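Below you'll find the structure, written out as structure tokens, and then a few comments.
There are 2 protein chains.
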Amino acid sequence: MRPPVADIADVVSFNADGLVAAIAQQHDTGEVLMMAWMNAEALAETLSTGRVCYYSRSRGKLWRKGESSGQTQALIDLRIDCDGDALLLLVDQSGVACHTGRRSCFYRAARPEGLVEIAAPEISPDALYGHTHNH
Amino acid sequence: MRPPVADIADVVSFNADGLVAAIAQQHDTGEVLMMAWMNAEALAETLSTGRVCYYSRSRGKLWRKGESSGQTQALIDLRIDCDGDALLLLVDQSGVACHTGRRSCFYRAARPEGLVEIAAPEISPDALYGHTHNH
Chain A
64 MRPPVADIAD VVSFNADGLV AAIAQQHDTG EVLMMAWMNA EALAETLSTG RVCYYSRSRG
124 KLWRKGESSG QTQALIDLRI DCDGDALLLL VDQSGVACHT GRRSCFYRAA RPEGLVEIAA
184 PEISPDALYG HTHNH
Chain B
64 MRPPVADIAD VVSFNADGLV AAIAQQHDTG EVLMMAWMNA EALAETLSTG RVCYYSRSRG
124 KLWRKGESSG QTQALIDLRI DCDGDALLLL VDQSGVACHT GRRSCFYRAA RPEGLVEIAA
184 PEISPDALYG HTHNH
């Protein structure tokens, strides 16, 4: 996918920090995997490469999803909401999206008995981040 | 669903404005409908009533989804992400989520030829907001 980047960025309302919220959804199962942020540069890179790149607020720099974990997100489609302040990324997630080793970051549910973990790690964080790998 | 509100709010990381991002997803189809914001009061009301209430940043007050349009969201489940700064609301959307009359706010897609509208309004905004109704 190589849409005209300028065309897209024109309708995005970046916030005071220059960021827009980006929701990643597995394109075929509909599972919501995570929410993160993009600046204009991350959005442009994502659109031009077809590989999802966020902006890490904690590290203050581009966050090429999977660059340390190998768990990349291939962009299938990118949607923009009515007021332009949220993006929905339809992706093909390689492995797991969450740094805890779970498929989705939304693994805790508010249930009558309190917070419940509804998914277990599929990979240990050590395996994700502790070793050199070639992904 | 009546989970202990304090238990949930304790793990939510509200931002500097006292808000947390909330993604609404239709519980059975997986369609992502919208993204909005909640403050602690909106979250507590949503959990205690089972009807989704956001916080409107533009109006600076609670936004009981559907209070003017009739297009309410019944809460089916509420998920919290790994770092607590995003919520995923599994909802049963009555009618349409978007103020444009479309089912989802994410009705524009970035395609090679530019931005494309991938969904048409199901209800006219006039019908949603222009008349008194009893929903």
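Residue numbers (this note's numbering), protein chains in the order written: chain A, 64 to 198; chain B, 64 to 198. Glycine included, each C-beta is placed from N, C-alpha and C at the ideal position. Just so you know, these numbers come straight off a predicted model, no measurement behind them.
Fewer than three beta-carbon pairs drawn from the segment 171-186 of chain B and the segment 102-120 of chain B are found closer than 8 Å, and the two stretches are therefore not classed as touching. Contact with chain B is absent for A:L191, since none of that chain's Cβ atoms lies less than 8 Å from the residue's Cβ.
Beta-carbon to beta-carbon, A:V95 and B:V95 are separated by about 7 Å, close enough to satisfy the 8 Å threshold. Any Cβ of chain A closer than 8 Å to the Cβ of B:L82 would place that residue at the interface, and such an atom is absent. Under the Cβ criterion of 8 Å, B:F169 is counted among the residues facing chain A. Identification of chain B residues near A:R142 by a Cβ-Cβ cut-off of 7 Å yields F169, R171 and A172, ordered along the chain. Annotation: B:Y118 is outside any alpha helix (DSSP H); the continuous beta strand (DSSP E) that includes it extends over C116 to S119.
For the pair A:F169 and B:R114, the CB atoms are not nearer than the 8 Å cut-off.
Between the C-alpha atoms of A:A173 and B:G164 there is a straight-line separation of about 30 Å. For B:D189, the enclosing alpha helix (DSSP H) stretches over residues P188 to Y192. Contact with chain B is found for A:M98, since one of that chain's Cβ atoms lies less than 8 Å from the residue's Cβ. For B:C145, the nearest CB of chain A lies under 8 Å from its own CB, placing it at the interface with that chain. For A:Y118 and A:K124, the gap between their C-alpha atoms comes out near 6 Å.
The residue from A:H162, A:I186, A:I86 and A:H90 with its alpha-carbon nearest to that of A:M98 is A:I86. Within 10 angstroms of the beta-carbon of A:S132 lie 16 or more other beta-carbons, which makes it buried.
Chain B has a Cβ within less than 8 Å of the Cβ of A:A149. Residue-level contact check: A:V115 does not touch chain B, since none of the beta carbons of chain B fall below 8 Å from its beta carbon.
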